[in-house]
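For reference, the structure is listed below as structure tokens.
Numbering (the working numbering), first residue to last: 1 to 356.
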């Protein structure tokens, strides 16, 4: 008979929350890997965003051990998670995409890091491609960063250039953002900062939340000792005009909300010029859908200015706009397209400082 040690600290409860929208095929394929996780104090919860593909009925029949939360409507990534997480009391949330295959011991390394330092409020594992397991995946790779003009990139991924994982980014590091494809986050922090901005609907909302947490002085880490594999583009394909619109519009909103005021005007202007160049290049190549998606993104950003200004003022009441670690003070566009820097390790490390 094993006698429990009363002095041994119980493992914190971890709730893996998978937001699903018409992703029954993903759940059927990848949910078994989550159920095979070795971490003992685990809850697995599916938050369904009003799916019409029979996802809920499938889960009830095939995976009765999984908890299910049903949202009344499709509220997107941001609203869907906000609604579901208000209903979950636990020590840690893990926000996991439905198209992610996990490894058996993917949770413990991250929780160990977060338990050692309470100022670490969010983490991500190393994210590799499911279709090409030796390479990093677009949405997170081995930790997220951002340049001076709001372009996100990763250790292991600059734009669409994906590096092979040869152990070059295996250190636990401070990052600017953690991927929404697999984000570990403390529940009290998530709710204290109001969760995701629901006006984003989808795309960039995790970077926006991470920026707010960084402005408050919190730490975010990548823990590469944990590994998961991501399909990517499950809800909206890469070239979808809706996805292009959301990415470009949300980037501008994020800059306006989170940059120090003096920096915001000049950097938003520069970003819009760069967007315009990308739009004209797309039009010249016959990609009219891409061109009009960027145009709509800029018009939407202009039209709803009172709303974005109000959001900034509300943040200012609670936070100052700090110069935070993890910002690349140069232009990743210039580094990649002009200077030929195709790998994260090629970038000048002196430009990664606490200044913006």
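Using N, Cα and C, we set each Cβ at its ideal position, and we do this for glycine too.
I need the straight-line Cα distance from residue i to residue j, nearest angstrom please.
{"i": "residue 208", "j": "residue 286", "result": "32 Å"}
{"i": "residue 165", "j": "residue 306", "result": "44 Å"}
{"i": "residue 296", "j": "residue 75", "result": "21 Å"}
{"i": "residue 130", "j": "residue 137", "result": "8 Å"}
{"i": "residue 61", "j": "residue 18", "result": "18 Å"}
{"i": "residue 66", "j": "residue 261", "result": "46 Å"}
{"i": "residue 292", "j": "residue 248", "result": "11 Å"}
{"i": "residue 45", "j": "residue 214", "result": "28 Å"}
{"i": "residue 244", "j": "residue 331", "result": "20 Å"}
{"i": "residue 29", "j": "residue 37", "result": "15 Å"}
{"i": "residue 230", "j": "residue 161", "result": "16 Å"}
{"i": "residue 178", "j": "residue 109", "result": "16 Å"}
{"i": "residue 86", "j": "residue 152", "result": "28 Å"}
{"i": "residue 277", "j": "residue 266", "result": "17 Å"}
{"i": "residue 52", "j": "residue 33", "result": "24 Å"}
{"i": "residue 391", "j": "residue 71", "result": "What is shown of the chain runs 1 to 356, which leaves residue 391 out entirely."}
{"i": "residue 308", "j": "residue 256", "result": "7 Å"}
{"i": "residue 144", "j": "residue 340", "result": "20 Å"}
{"i": "residue 25", "j": "residue 127", "result": "21 Å"}
{"i": "residue 49", "j": "residue 199", "result": "16 Å"}
{"i": "residue 69", "j": "residue 99", "result": "18 Å"}
{"i": "residue 47", "j": "residue 89", "result": "14 Å"}
For residue i, count neighbouring C-beta atoms within 10 Å of its own C-beta (all shown protein chains included) and say buried if the count is 16 or more, exposed if not.
{"i": "residue 364", "result": "Residue 364 is absent from the model: the chain starts at 1 and stops at 356."}
{"i": "residue 302", "result": "exposed"}
{"i": "residue 280", "result": "exposed"}
{"i": "residue 327", "result": "buried"}
I think residue i touches residue j, with their Cβ atoms under 8 Å apart; what is that distance to the nearest whole Å?
{"i": "residue 91", "j": "residue 14", "result": "7 Å"}
{"i": "residue 336", "j": "residue 158", "result": "5 Å"}
{"i": "residue 155", "j": "residue 142", "result": "4 Å"}
{"i": "residue 227", "j": "residue 106", "result": "7 Å"}
{"i": "residue 246", "j": "residue 201", "result": "6 Å"}
{"i": "residue 220", "j": "residue 121", "result": "7 Å"}
{"i": "residue 258", "j": "residue 203", "result": "About 16 Å separates the two Cβ atoms, so there is no contact after all."}
{"i": "residue 140", "j": "residue 78", "result": "Contact doesn't hold; Cβ gap of about 17 Å is too wide."}
{"i": "residue 210", "j": "residue 176", "result": "7 Å"}
{"i": "residue 150", "j": "residue 254", "result": "6 Å"}
{"i": "residue 195", "j": "residue 82", "result": "4 Å"}
Helix, strand or coil for residue i, going by three-state DSSP, please let me know.
{"i": "residue 226", "result": "strand"}
{"i": "residue 87", "result": "coil"}
{"i": "residue 130", "result": "coil"}
{"i": "residue 221", "result": "strand"}
{"i": "residue 365", "result": "Since the first residue shown for the chain is 1 and the last is 356, residue 365 is missing from the structure and cannot be characterised."}
{"i": "residue 203", "result": "coil"}
{"i": "residue 278", "result": "helix"}
{"i": "residue 290", "result": "helix"}
{"i": "residue 157", "result": "strand"}
{"i": "residue 352", "result": "strand"}
{"i": "residue 273", "result": "helix"}
{"i": "residue 64", "result": "coil"}
{"i": "residue 122", "result": "strand"}
{"i": "residue 184", "result": "strand"}
{"i": "residue 92", "result": "strand"}
{"i": "residue 302", "result": "helix"}
What residue range is occupied by the uninterrupted beta strand (DSSP E) comprising residue i?
{"i": "residue 43", "result": "42-49"}
{"i": "residue 67", "result": "67-71"}
{"i": "residue 260", "result": "Counting along the chain, residue 260 falls outside any beta strand (DSSP E), and DSSP gives it neither H nor E."}
{"i": "residue 152", "result": "152-154"}
Can you tell me whether residue i sits near the ligand GTP, meaning its C-beta is under 7 Å from at least one heavy atom of the ligand?
{"i": "residue 42", "result": "No copy of the ligand GTP occurs in the structure displayed, which carries no ligand at all."}
Please list the terminal residues of the continuous alpha helix (DSSP H) segment that includes residue i.
{"i": "residue 108", "result": "108-116"}
{"i": "residue 142", "result": "Per DSSP, residue 142 belongs to no alpha helix (DSSP H) and is neither H nor E."}
{"i": "residue 15", "result": "Segment 14-20 is the beta strand (DSSP E) holding residue 15; no alpha helix (DSSP H) there."}
{"i": "residue 188", "result": "187-192"}
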